[in-house]
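Counting in my numbering, the sequence shown runs from 44 upward without gaps. Ideal Cβ placement from N, Cα and C applies to all residues, glycine included. These numbers were taken from a predicted model, which means no experiment stands behind them. Before any comments, here is the structure.
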Amino acid sequence: MELKWLLYMTLLALGTLAVQAHDMDDESDGDDVVDIEDDLDDGIEDVEESKPETSTPPPIPKVTYRAPVPTGEVYFAESFDKGTLDGWILSRAKKDDTDDEIAKYDGKWEVQDMKDTKLPGDKGLVLVTRAKHHAISAKLSKPFVFDTKPLIVQYEVNFQNGIECGGAYVKLLSKAPELNLDQFHDKTPYTIMFGPDKCGEDYKLHFIFRHKNPKTGKYEEKHAKRPDADLKTYFTDKKTHLYTLVLNPDNSFEILVDQTVVNSGNLLNDMSPPVNPPREIEDPNDQKPEDWDERPKIPDPDAVKPDDWDEDAPAKIADENAVKPEGWLDDEPEYVADPDAEKPEDWDEDMDGEWEAPQIANPKCEAAPGCGTWQRPMIDNPNYKGKWKPPMIDNVNYQGIWKPRKIPNPDFFEDLEPFKMTPFSAVGLELWSMTSDIFFDNFIICTERAVADDWANDGWGLKKAADGAAEPGVVGQMMAAAEERPWLWVVYILTVALPVFLVVLFCCSGKKQPSAAEYKKTDAPQPDVVDEEKEEEKDEEKDKGDKEEEEEEGEASEEKLEEKQKSDADLGSASQEEEEEDEEEDEDRKPASEEEETVNRSPRNRKPRKD
Numbered sequence: 044m045e046l047k048w049l050l051y052m053t054l055l056a057l058g059t060l061a062v063q064a065h066d067m068d069d070e071s072d073g074d075d076v077v078d079i080e081d082d083l084d085d086g087i088e089d090v091e092e093s094k095p096e097t098s099t100p101p102p103i104p105k106v107t108y109r110a111p112v113p114t115g116e117v118y119f120a121e122s123f124d125k126g127t128l129d130g131w132i133l134s135r136a137k138k139d140d141t142d143d144e145i146a147k148y149d150g151k152w153e154v155q156d157m158k159d160t161k162l163p164g165d166k167g168l169v170l171v172t173r174a175k176h177h178a179i180s181a182k183l184s185k186p187f188v189f190d191t192k193p194l195i196v197q198y199e200v201n202f203q204n205g206i207e208c209g210g211a212y213v214k215l216l217s218k219a220p221e222l223n224l225d226q227f228h229d230k231t232p233y234t235i236m237f238g239p240d241k242c243g244e245d246y247k248l249h250f251i252f253r254h255k256n257p258k259t260g261k262y263e264e265k266h267a268k269r270p271d272a273d274l275k276t277y278f279t280d281k282k283t284h285l286y287t288l289v290l291n292p293d294n295s296f297e298i299l300v301d302q303t304v305v306n307s308g309n310l311l312n313d314m315s316p317p318v319n320p321p322r323e324i325e326d327p328n329d330q331k332p333e334d335w336d337e338r339p340k341i342p343d344p345d346a347v348k349p350d351d352w353d354e355d356a357p358a359k360i361a362d363e364n365a366v367k368p369e370g371w372l373d374d375e376p377e378y379v380a381d382p383d384a385e386k387p388e389d390w391d392e393d394m395d396g397e398w399e400a401p402q403i404a405n406p407k408c409e410a411a412p413g414c415g416t417w418q419r420p421m422i423d424n425p426n427y428k429g430k431w432k433p434p435m436i437d438n439v440n441y442q443g444i445w446k447p448r449k450i451p452n453p454d455f456f457e458d459l460e461p462f463k464m465t466p467f468s469a470v471g472l473e474l475w476s477m478t479s480d481i482f483f484d485n486f487i488i489c490t491e492r493a494v495a496d497d498w499a500n501d502g503w504g505l506k507k508a509a510d511g512a513a514e515p516g517v518v519g520q521m522m523a524a525a526e527e528r529p530w531l532w533v534v535y536i537l538t539v540a541l542p543v544f545l546v547v548l549f550c551c552s553g554k555k556q557p558s559a560a561e562y563k564k565t566d567a568p569q570p571d572v573v574d575e576e577k578e579e580e581k582d583e584e585k586d587k588g589d590k591e592e593e594e595e596e597g598e599a600s601e602e603k604l605e606e607k608q609k610s611d612a613d614l615g616s617a618s619q620e621e622e623e624e625d626e627e628e629d630e631d632r633k634p635a636s637e638e639e640e641t642v643n644r645s646p647r648n649r650k651p652r653k654d
């Protein structure tokens with residue numbers, strides 16, 4: 044038992060020390076993190092220089108970056124690897140109905156390397172500032188017209204600092220003579236808006252297109268249904284993610300993240316509000332008749348209140364069976380003035396009135412069941428019935444819930460090809476974000492899925508491969524997880540120590556024979572240990588004697604067999620009858636030898652032990 048408790052206390056101590064050590068590490072982090080990391084880096088460099096060349100571990104495989112090149116026809120492709128914003132136009136517009144201080148689109152854009160990049164030379168477009176309006180756009184090589192080919196829009200996003208509130212969606216700006224990218228703002232007409240957006244705990248992946256009403260000529264936004272997939276990881280893991288929108292001429296669409304479908308549907312059935320309005324609508328001029336009865340139940344007009352129904356009876360009455368507890372102090376108040384209280388020195392009776400000591404619980408009531416005037420407790424009145432109401436019965440005149448009649452929708456239309464949207468001629472980013480350093484890269488707009496996949500493999504695919512090569516192993520991941528959640532150290536310790544504890548527990552917890560000292564403490568009869576030891580010694584001597592006899596008999600039989608073989612060789616010309624007689628004699632000897640062996644094994648004829 045002492046060993047069990049020792050192991051148990053050791054496990055608890057290890058877990059407590061691990062948690063405390065991690066808490067101290069967290070408290071010591073902060074401004075010193077950079078210095079500590081620098082010192083560690085210097086130490087690591089010194090150690091690496093001092094190590095012999097033979098002990099150097101194999102280097103991590105490097106992924107060489109090359110700027111992606113489109114493998115087919117594209118309407119737009121941008122990798123930013125030239126390091127400039129050539130072809131992009133910064134907006135100088137102002138938002139309407141907004142204070143002048145924040146109305147300007149003065150947020151900064153720059154082409155930079157991604158933080159902690161594993162691919163030197165891979166650059167992207169970075170939204171640098173926070174809490175500002177940002178707008179930037181670029182022309183397509185030629186306008187995209189929706190006809191018989193699909194539309195594929197694809198780009199990469201990395202929320203390098205996470206995301207508090209803001210978006211990273213793109214707008215495909217509608218083709219129009221008045222389109223001026225220098226004045227690109229939130230009201231600039233667009234055909235499609237696509238991409239991630241987040242504020243608070245609301246994680247979205249927008250797909251919105253503006254549909255033109257063929258009757259009125261007005262545009263209305265149509266929103267795709269929310270995806271069922273959990274999108275939170277894409278906003279919080281600080282990794283580069285690939286967003287893809289595929290629109291097909293048959294009105295089907297797919298939304299992919301990292302080449303995995305997270306949402307799909309049809310433009311006719313899975314948009315809100317629907318593309319096509321209803322054929323019929325409620326008549327706005329229809330009114331409910333005055334005699335329309337919508338009551339399914341009504342009070343029974345023939346019901347009469349019973350004569351014994353007392354509506355004035357109270358719901359609670361005093362308990363007549365209650366008895367005042369003994370020792371109740373009727374003359375003592377529940378609260379008395381605090382005798383230790385003193386009037387403040389700055390108390391002004393003219394301004395503050397007459398001073399009174401604060402009230403405290405009467406100390407005499409602490410030992411008593413109660414103080415003050417005793418009152419009977421209140422209980423439910425068994426005769427209480429409340430106000431009488433007639434029972435409800437079915438309404439024979441019930442006509443149902445009234446609804447206005449349906450009439451043909453004067454604005455009805457049926458567009459069976461919503462895929463044929465307004466052509467667009469530019470791509471733009473018009474964003475407000477409370478988080479800086481949002482990284483955009485590798486935009487492509489094309490019509491062939493293979494072209495988009497090749498572009499993704501040459502860009503996002505390389506980033507993924509480089510991140511995978513630099514990722515730590517299982518142990519490293521476990522350590523990183525414990526850094527974020529220190530309680531995991533206790534789990535790790537218990538996971539390793541518990542099996543060891545169980546092995547030791549089962550190996551060391553065998554049943555022990557009581558010692559002579561323990562028998563002396565009680566009146567329990569003690570077995571004759573000496574006699575048992577003597578019997579064990581006799582049994583051992585008996586076993587040894589039997590073994591020696593068996594060995595001697597085996598040697599004798601072997602000698603007889605050799606003599607027989609020699610005699611057989613000398614008397615090769617003997618007849619078969621003599622051999623049979625010899626065999627019979629041998630058979631006669633065997634029972635005799637067995638009898639001798641039995642006699643020899645008896646305790647009386649046992650040979651003395653040879654030392």
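Pairing D353 with K428 gives a Cβ-Cβ distance under 9 Å. Taken through DSSP and simplified to helix, strand or coil, E526 comes out as helix. Inter-residue distance for F187 and P339 is about 59 Å (C-alpha atoms, whole angstroms). Under the rule that a run must span 4 or more residues, the alpha helix (DSSP H) segments found entirely inside the segment 108-173 read 143-146. Exposed is the label assigned to I436, since fewer than 16 other Cβ atoms lie within 10 Å of its Cβ.
DSSP lists W475 as the beta-bridge partner residues of H176.
With distances taken between CA atoms, F462 lies nearest to N294 out of L288, N294 and Y277. Cβ neighbours of A400 within its own chain (closer than 7 Å, five residues either side excluded): A380, D381 and A384. With contacts defined by Cβ atoms closer than 9 Å, A525 and D423 do not form a contacting pair. Straight through space, the alpha carbons of E473 and H249 are spaced by roughly 14 Å. D156 and I179 have their C-alpha atoms some 19 Å from each other. Looking only at K331, F549 and G471, the smallest Cα-Cα distance to T234 is reached by G471. Beta-bridge annotation (DSSP): F187 is paired with F467.
Per DSSP, F278 is one residue of the alpha helix (DSSP H) stretching across K275 to T279. With contacts defined by Cβ atoms closer than 9 Å, H176 and I145 form a contacting pair. The DSSP-derived three-state label of R269 is coil. Taking C-beta atoms as the reference points, L168 and F202 fail to come closer than 9 Å. The three-state reading of DSSP puts A509 in helix, counting H, G and I together. Straight-line measurement puts the Cα of I450 at about 54 Å from the Cα of K281. Under the three-pair Cβ rule at 8 Å, the segment 235-247 counts as touching the segment 204-218. Looking from the CA of P466, the closest CA among T276, A136, L222 and G130 belongs to L222.
When the alpha-carbon of R419 is set against those of C550, P387, P368 and W390, the nearest one is in P368. Between the segment 110-117 and the segment 498-506, the count of C-beta pairs closer than 8 Å reaches three or more; the two stretches touch. Rounded to whole angstroms, the separation of the alpha carbons of F482 and S134 is 19 Å. According to the DSSP assignment, N500 belongs to the alpha helix (DSSP H) that extends over R492 to D501. P316 has its alpha-carbon roughly 52 Å from the corresponding atom of Y535. Per the C-alpha coordinates, the member of D454, Y441, E457 and T287 positioned closest to R492 is T287. Under a 10 Å Cβ-count criterion, I403 is classified as exposed, with fewer than 16 other Cβ atoms of the shown protein chains found around its own Cβ.
E325 and P447 do touch by the CB rule: their CB atoms are close to 4 Å apart, below 8 Å. Restricting attention to G238, R253, Y262 and E263, the CA atom closest to the CA of P270 is found in G238.
N485 is classed as buried because its beta carbon has at least 16 other beta carbons within 10 Å across all chains shown. For D395, the enclosing alpha helix (DSSP H) covers residues E392 to D395. When DSSP states are grouped into helix, strand and coil, V539 belongs to the helix group. Under the three-state reduction of DSSP, L224 is assigned to helix. When only Cα atoms are considered, G511 and T160 end up about 12 Å apart. In this chain, P320 is not harboured by any beta strand (DSSP E), its DSSP state being neither H nor E.
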